[in-house]
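J.: Encoded as structure tokens, here's the structure I'll be asking about.
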Amino acid sequence: NFSNQETSVTIGESIRDEDVYILQSTATGDVNEGLMEMLIMIHACRTASARRITAVIPCYPYARQDKKDRSRAPISARLIANMLQTAGANHIITMDLHASQIQGFFSVPCDNLYAE
86 NFSNQETSVT IGESIRDEDV YILQSTATGD VNEGLMEMLI MIHACRTASA
136 RRITAVIPCY PYARQDKKDR SRAPISARLI ANMLQTAGAN HIITMDLHAS
186 QIQGFFSVPC DNLYAE
């Protein structure tokens, strides 16, 4: 982190033409901080020429905001999907999504795994 609490990410070795998996849990601590850290890591991998970036997200942030439940309400789960793709994620793996329709927010493959 920088002195103003901005997240800084450093990739310690070359990942050029490599398949990268980023596992980020947003279930503990500040969900927004975990989300920004994940987005910055994904973008850093894209900038470092990773071949494929898979974001593994056991607890999808803003999953309960998957539809408009009142007028002028945002669909934040869709915004998160857009942000992950814009950052550079090629594949998303989630666990036990709040609503399966979230998978449809992605234009890249999104696999939702279920715990039993």
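Whatever position you read off the sequence shown (first residue = 1), add 85 for the numbering used here.
Using N, Cα and C, we set each Cβ at its ideal position, and we do this for glycine too.
1. Where in the region 121 to 186 do unbroken runs of the alpha helix (DSSP H), each at least 4 residues long, occur, reported from the N-terminal end onward?
2. Is ASN117 helix, strand or coil when you go by DSSP?
3. Which residues mark the beginning and the end of the beta strand (DSSP E) in which VAL105 is found?
4. Who are the Cβ neighbours of ARG101 in its own chain at under 7 angstroms, not counting the five residues just before and after it?
5. Rounded to a whole number of angstroms, what is the C-alpha to C-alpha distance between GLU103 and SER192?
6. Using only CA atoms, which one of GLY119, ALA184, GLY97 lies nearest to VAL141?
7. Check whether the Cβ atoms of ILE187 and ALA158 lie closer than 8 angstroms to each other.
T.: In this structure, then:
1. 161 to 172
2. Start at 1 with the first residue of the sequence shown, and residue 117 comes out as number 32. ASN117: helix per DSSP, three-state reduction.
3. The sequence position of residue 105 within the sequence shown is 20, counting from 1. Run containing VAL105: 104 to 108, per the beta strand (DSSP E) assignment.
4. Locating residue 101 in the sequence shown gives position 16, where the first residue counts as 1. Closer than 7 angstroms at Cβ, skipping near neighbours: ALA133, SER134.
5. By one-based count along the sequence shown, residue 103 stands at place 18. By one-based count along the sequence shown, residue 192 stands at place 107. Between GLU103 and SER192, the C-alpha separation is close to 22 angstroms.
6. Locating residue 141 in the sequence shown gives position 56, counting from the first residue. Nearest C-alpha to VAL141: GLY119.
7. Reading the sequence shown from its first residue, position 102 is the one you call residue 187. Reading the sequence shown from its first residue, position 73 is the one you call residue 158. It is not a contact, given that the beta carbons lie outside the stated cut-off.
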